[in-house]
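Before any comments, here is the structure.
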Amino acid sequence: MDIRKRKNKGKVVLAPMAGYTSVGYRKFMKKFGVNFSYTEMVSDMGLIYHNEETISYLKTDKKDKPIGLQLFGHDAKNIASAAKIALKLNPNFDFIDINCACPVPKVTNSGAGSSLMKEPEKIKEIIEELKRVTSLSISIKIRLGWDDESINFMDVIDKAVSAGIDFIAIHARTRKMGYTGKPRFELLSGIKKKYDIPLIISGDIFTLDDAITAIDITGADYVMAARGGVGNPYLIKQINTYFKSGKRLKNPSIRKQKKWCLLLARLLIKEKGEKLAMRAFRSIGPSFFFGFPFSKQIRVKIATSLSSYDELKKIIKSIPNR
35 MDIRKRKNKG KVVLAPMAGY TSVGYRKFMK KFGVNFSYTE MVSDMGLIYH
85 NEETISYLKT DKKDKPIGLQ LFGHDAKNIA SAAKIALKLN PNFDFIDINC
135 ACPVPKVTNS GAGSSLMKEP EKIKEIIEEL KRVTSLSISI KIRLGWDDES
185 INFMDVIDKA VSAGIDFIAI HARTRKMGYT GKPRFELLSG IKKKYDIPLI
235 ISGDIFTLDD AITAIDITGA DYVMAARGGV GNPYLIKQIN TYFKSGKRLK
285 NPSIRKQKKW CLLLARLLIK EKGEKLAMRA FRSIGPSFFF GFPFSKQIRV
335 KIATSLSSYD ELKKIIKSIP NR
């Protein structure tokens, strides 16, 4: 996939988020103008050992395109083997992404995720090995570095470019910051002048103005919608519309949020079955109603006691359309 040719398709890509970006969620967000998406993080060893849950993350849909497979691991040979297994099970991926950004200890303790930021040569080795076994585009998602004392994203990008990377996503925090504190976009100022490679910027894109700021400072080609898009899918359209025409779309009404909430629930039920979908929806559903009157009571009901779609409909129906 040549993302240079996709700029007219929109400014927003959907972030890979564990527990969120399953095929049902991706199809839902696609309706609002997502340019392309990633799977949830997929373990290289999970694929090698044919773990059923890991394999379930490979599911895609014809409406879920373009779509990238995001792998995590530490050993280049294992990651390449996992990629071949994944593509044999599902040949419909458009690119492969290597997660060098996840800050979760369960991932970093194995040398994967943002631990790879400590090993730029290892990242280069992984990219080269993937280039050897597949003709798909290869990307990486990185952070600024491991901590403030080791901000080394430039070195990582240098190594990735020399290995033939096709595009890069950068979360503008260190691993130590996790998801706290303000993203440090200023450290990425001028990066597009140094590297002639498509760049996606990530970090607290919760509003249109957040997206404008991130792109103005970094010159990035795209922004990545992650937590900011959960329960707020219209943000995708707001960003795309602004960068296409300069027009600022108003925030959606609660009536629309209610409609979209139920639509996503139905898509997840179709994908996972009602029991698993409603369990997942306890963390997703409340986000649709942040900032509205009486939202706290509604969010608590969804987050703590949701067990069926009928119950969700009753909760949604009780919300005033104002």
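Numbering (our numbering), first residue to last: 35 to 356.
Idealized CB from N, CA, C, for every residue including glycine.
What runs of the alpha helix (DSSP H), each 4 residues or longer, lie entirely inside the region 291 to 320?
Runs found: 308 to 318.
For the beta strand (DSSP E) that S173 lies in, which residues bound it at each end?
Unbroken beta strand (DSSP E) run through S173: S171 to R177.
Alpha carbon to alpha carbon, what distance is there between I172 and I130?
Cα to Cα, the separation comes out at about 5 Å.
For a test of the three-state rule: what should DSSP assign to M258, helix, strand or coil?
In the displayed model, M258 falls within a strand according to three-state DSSP.
Alpha carbon of T214 to alpha carbon of V47, nearest angstrom
In this structure, the alpha-carbon of T214 lies about 22 Å from that of V47.
Tell me whether I185 sits in a helix, a strand or coil according to DSSP, three-state version.
DSSP, reduced to helix, strand and coil, places I185 within a strand of the structure shown.
M75 and A379 - do their beta-carbons sit closer together than 8 Å?
Residue 379 is absent from the model: the chain starts at 35 and stops at 356.
Can you tell me whether S148 is buried or exposed, with buried defined as 16 or more other CB within 10 angstroms of its CB?
Counting Cβ neighbours within 10 Å, S148 comes out buried, since at least 16 surround it.
In three-state terms, what does DSSP make of A135?
In this structure, DSSP gives A135 a state outside helix and strand, which the three-state scheme calls coil.
Euclidean distance between Cα positions of E86 and A206:
When rounded, the separation of the alpha-carbon atoms in E86 and A206 is 34 Å.
If you check the beta carbons only, do N126 and L105 fall under 8 Å apart?
No, the Cβ-Cβ distance between N126 and L105 is not below 8 Å.
Would you list, in sequence order, the uninterrupted beta strand (DSSP E) runs of no fewer than 3 residues that lie entirely inside the region 199 to 257?
If we require 3 residues or more, the beta strand (DSSP E) runs fully inside the region 199 to 257 come out as 201 to 205 and 233 to 236.
Report buried or exposed for F324, applying the criterion of at least 16 other Cβ atoms within 10 angstroms of its Cβ.
With fewer than 16 other Cβ atoms within 10 Å, it is exposed.
Based on DSSP bridge pairs, tell me the residues matched to S360.
Look at the range of the chain in this structure, 35 to 356, and you will see that residue 360 is not part of it.
Give me the Cβ distance between I176 and V190, rounded to the nearest whole Å; I'm assuming they're in contact under 8 Å.
That pair is a contact at about 6 Å.
Do A259 and I270 have their C-beta atoms closer together than 8 Å?
Result yes, Cβ atoms of A259 and I270 sit closer than 8 Å.
Taking only the alpha-carbon atoms, compute the straight-line gap between L81 and E155 and give it to the nearest angstrom.
Near 24 Å, if we compare the C-alpha coordinates of E155 and L81.
What are the partner residues of V76, as DSSP defines its beta bridges?
L105.
Per DSSP, F129 forms a beta bridge with which residues?
Residue pairing of F129 in beta bridges, as defined by DSSP: G102 and S171.
Quick one: using the 10 Å Cβ neighbour count with 16 as the cut-off for buried, is R60 buried or exposed?
By the 10 Å Cβ count, R60 comes out buried.
First and last residue of the uninterrupted alpha helix (DSSP H) at M63
Per DSSP, the continuous alpha helix (DSSP H) segment holding M63 begins and ends at V57 to K64.
Between the Cα of I113 and those of I157, S329, S321 and G263, spot the shortest distance and give me the residue it belongs to.
For I113, the closest alpha carbon among the candidates I157, S329, S321 and G263 is that of I157.
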